[in-house]
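Worksheet for the structure shown next.
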Amino acid sequence: MQHSSMDRVIVIGGGISGLLTALALSKEGKNVRLFEKGALGNVVRSYTVEGDSGKYTVDTGPHIITRLNTGPLQTLMNAYFDSTPLFVPHGNYYLRINGGYHQFPWALKDIGQFDLLSRKDRLFLLRCIIDGILLKDKSITIADFLTSYDLSSSACKLVNALCYFLAGVPMDRVPIQRFWDSQKYKDGSSSAISTKILNLFREGNRHDQYYPQGGIQALVDSILRSYKGEIIHREVISIDTLDHQVSTFEQDYPYDMVIYSGMVKELPELVDLPPDYRITTSNLETTRCLTVWIGTRDRVITRRGSEIWADTDPPCWLVPTSLYDSSLAPEGCQLFGCAFPYSHPSQAMAAISQVFPDLDIDMIHYQVLQPDKAAWTTSPFPSIKTPVEDLYVVGTDTIKKSMGITRASYSVLELLEILRSEGRL
41 MQHSSMDRVI VIGGGISGLL TALALSKEGK NVRLFEKGAL GNVVRSYTVE
91 GDSGKYTVDT GPHIITRLNT GPLQTLMNAY FDSTPLFVPH GNYYLRINGG
141 YHQFPWALKD IGQFDLLSRK DRLFLLRCII DGILLKDKSI TIADFLTSYD
191 LSSSACKLVN ALCYFLAGVP MDRVPIQRFW DSQKYKDGSS SAISTKILNL
241 FREGNRHDQY YPQGGIQALV DSILRSYKGE IIHREVISID TLDHQVSTFE
291 QDYPYDMVIY SGMVKELPEL VDLPPDYRIT TSNLETTRCL TVWIGTRDRV
341 ITRRGSEIWA DTDPPCWLVP TSLYDSSLAP EGCQLFGCAF PYSHPSQAMA
391 AISQVFPDLD IDMIHYQVLQ PDKAAWTTSP FPSIKTPVED LYVVGTDTIK
441 KSMGITRASY SVLELLEILR SEGRL
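Its first residue numbered 41, the sequence shown is counted upward by one per residue in my numbering.
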């Protein structure tokens with residue numbers, strides 16, 4: 041295909057948002073160059089680790105893909121993928137709290153019957169949820185919102201654990217809007233209040249989540265099989281908006297459009313930005329998490345689904361990946377990943393030992409990662425269309441919807457919508 045000069049697109053950053061962007065624009069007929077100085081996929085990839093019994097395949101942090109059935113990733117796969125991974129249903133979420141273990145109560149009717157919490161806590165949580173739906177200002181923090189309710193320390197621990205795993209920060213920095221994002225997705229933003237409450241009472245909202253067979257790398261591999269553009273393994277050191285070129289240490293590359301998918305907070309290191317936009321990027325809060333991968337010959341987890349540990353310090357989100365694909369662990373072994381708010385490995389191991397005492401460990405592997413490029417706090421995210429001509433940003437620090445791969449996919453769809461509105465697609 042012949043490309044006009046207006047088709048030259050440079051994508052900076054080969055994480056999941058950059059890969060999806062490069063794929064989509066190449067399929068839209070653009071001449072795409074993707075620059076990535078490190079590993080393609082970034083925190084969405086898999087690799088092998090040796091254990092006593094053989095090789096384990098670990099992901100970069102636990103991953104479950106949300107909103108797959110009708111969400112943004114499915115839209116992108118339908119439009120641009122030549123082949124897609126095989127996805128295995130996630131199963132239920134399970135909660136460990138107050139020394140008990142129970143399926144997580146997503147629906148209001150289940151919260152009312154959830155006897156791992158006191159009757160008083162259940163009633164207060166039901167009131168919190170309904171009042172939260174009715175609340176007009178959803179920018180206030182969860183902590184401020186909860187001051188009106190006499191929740192026990194156990195219930196507060198549960199809410200705080202959910203904040204860490206939904207937004208990356210504790211509840212004093214998470215807007216209440218984050219908790220209603222899922223319901224808005226499910227019902228549509230125009231649904232009546234009564235409809236939202238009725239749906240929450242009946243169903244909850246966790247039935248469209250999956251894990252890719254082969255590990256999270258299967259998603260990256262599907263993108264790379266479908267992508268026909270160029271991949272350049274070099275570091276971009278500057279964006280020259282006057283001459284319309286990006287520079288690496290080795291040479292310069294002309295462009296008509298640049299999509300930056302690195303950390304937006306670091307964009308001012310590459311290009312001059314107007315003060316207001318630069319201030320917005322500087323206010324983004326980055327977070328780290330510690331993931332501990334455990335390979336064991338013990339069969340400690342018997343069913344698919346992830347676990348939330350609210351009792352442990354620090355709290356934990358566990359995903360048993362070998363139950364979705366047994367080839368990820370040696371024969372006769374289990375593999376699971378435990379994600380914690382960033383803490384010392386000894387604290388994480390103490391939490392794991394608290395839940396699984398006398399565990400026969402065959403392999404242990406630590407990762408310190410940034411699960412999202414910016415935490416969902418009360419600070420605004422920068423716009424995908426920057427004030428700089430022909431420069432756009434994409435990724436999990438540009439849009440406040442969902443989290444992880446799903447949030448990245450939303451940002452790519454938003455970028456494509458902007459480009460179409462400008463007549464560039």
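Beta carbons are placed, not taken as given, at the ideal position from N, Cα and C, and that holds for glycine.
Please read all numbers here as calculations on a predicted model, not as lab measurements.
Review point. In the structure shown, what three-state DSSP assignment does LEU264 receive?
Key: helix
Point to revise | Cβ separation of THR446 and LEU113, assumed to be a contact under 8 Å, to the nearest whole Å | key: 6 Å
Check your understanding: Around the Cβ of VAL332, are there at least 16 other Cβ atoms within 10 angstroms (buried) or fewer (exposed)?
Key -> buried
Exercise for review: Within the same chain, show all residues whose beta-carbon is closer than 7 Å to that of ILE233, passing over the 5 residues directly before and after it, in chain order.
Suggested key: Legend: pLDDT at ILE233 = 49, less than 50; position of this residue unreliable, value from coordinates given subsequently. These residues qualify, in order along the chain: ILE173, LEU174.
Practice item. Could you tell me whether the region 451–458 touches the region 106–122, using the rule of 3 or more Cβ pairs below 8 Å? Key: yes
**Study point:** Rounded straight-line distance, which links the Cα of ASP47 to that of GLY69
**Key:** 8 Å
Exercise for review: Measure the C-alpha to C-alpha separation of LEU264 and SER57 and round it to an integer number of angstroms.
Suggested key: 13 Å
Check your understanding: Could you give the distance in angstroms between the alpha-carbon of GLN410 and the alpha-carbon of ALA379?
Key -> 11 Å
Review point. Would you report the Cα separation of PRO381 and LEU330, rounded to the nearest angstrom?
Key: 6 Å
Check your understanding: For GLU275, which residues from the same chain have a beta carbon less than 8 Å from its beta carbon, with the 5 sequence-adjacent residues on both sides left out?
Key -> PHE75, LYS77, THR288, PHE289
Check your understanding: By how many angstroms is the C-alpha of TYR364 removed from the C-alpha of GLY375?
Key -> For the record, residue 375 in the displayed sequence is Leu; it is not Gly. If you take the alpha carbons of LEU375 and TYR364, they lie about 10 Å apart.
Point to revise | Buried versus exposed, by CB contacts within 10 Å (16 or more), SER367 | key: exposed
Point to revise | Pair within 8 Å by beta-carbon distance, GLY91 and MET403 | key: yes
Point to revise | Under the three-state DSSP convention, the category ILE373 falls into | key: Checking the sequence shown, residue 373 turns out to be Cys, not Ile. In the structure shown, CYS373 sits in coil (DSSP, three-state: anything other than H, G, I, E or B).
Practice item. Assign ILE180 to one of three DSSP states: helix, strand, or coil. Key: coil
Exercise for review: Compare the C-alpha of ASP437 against each of GLY208, VAL286, GLU371, GLY463 and name the closest.
Suggested key: GLY208
Review point. In angstroms, rounded to a whole number, what distance separates the CA positions of SER419 and ASN323?
Key: 7 Å
Check your understanding: Where ARG242 and ILE151 are concerned, what is the direct C-alpha to C-alpha distance, given to the nearest angstrom?
Key -> Legend: pLDDT at ARG242 = 49, less than 50; position of this residue unreliable, no value from coordinates given.
**Study point:** Bridge-paired residues (DSSP) for TYR250
**Key:** ILE105, PRO129
Practice item. Rounded to whole angstroms, what's the CA-CA distance from TRP349 to CYS203? Just pull it up for me. Key: 13 Å
Point to revise | ILE233 (DSSP reduced to helix, strand or coil) | key: Residue confidence for ILE233 is low, a pLDDT of 49 falling below 50, so the modelled location carries little weight and cannot support an answer.
Review point. Just the Cα atoms here: how many angstroms apart are ASN132 and GLY345?
Key: 5 Å
Point to revise | Exposed unless 16 or more other CB atoms sit within 10 angstroms - verdict on TYR406 | key: exposed
Point to revise | Inter-residue spacing [alpha-carbon to alpha-carbon] between LEU156 and THR342 | key: 21 Å
**Study point:** ASP402 - containing beta strand (DSSP E), residue span
**Key:** 401–409
Check your understanding: Just the Cα atoms here: how many angstroms apart are ARG73 and ILE439?
Key -> 24 Å
Check your understanding: How big is the Cα-Cα spacing for ARG464 and THR61?
Key -> 14 Å
**Study point:** Residue nearest to LEU282 in terms of C-alpha spacing, selected from ASP338, VAL304, MET297
**Key:** MET297
Review point. Taking the Cβ atom as the reference point for each residue, do VAL49 and ASN71 lie within a distance shorter than 8 Å?
Key: yes
Point to revise | Other residues of its chain near GLY81: CB distance less than 6 Å, five sequence neighbours each side excluded | key: VAL260
Practice item. Under 7 Å Cβ to Cβ from SER192, same chain only, skipping five residues before and after it: list those, please. Key: SER158, ASP161
Check your understanding: Relative to the C-alpha of ARG85, which residue among GLU457, ARG460, GLY444, SER179 is closest?
Key -> GLY444
Check your understanding: The beta strand (DSSP E) with SER367 in it runs from where to where?
Key -> Neither: SER367 is in no beta strand (DSSP E) and is coded neither H nor E.
Exercise for review: Can you tell me the Cβ-Cβ gap for PRO422 and TYR317, rounded? I've got them flagged as a contact below 8 Å.
Suggested key: 6 Å
Practice item. Starting from ASP161, follow the alpha helix (DSSP H) in both directions and report where the run begins and ends. Key: 159–174
Point to revise | Bridge partner(s) assigned by DSSP for LYS425 | key: TYR432
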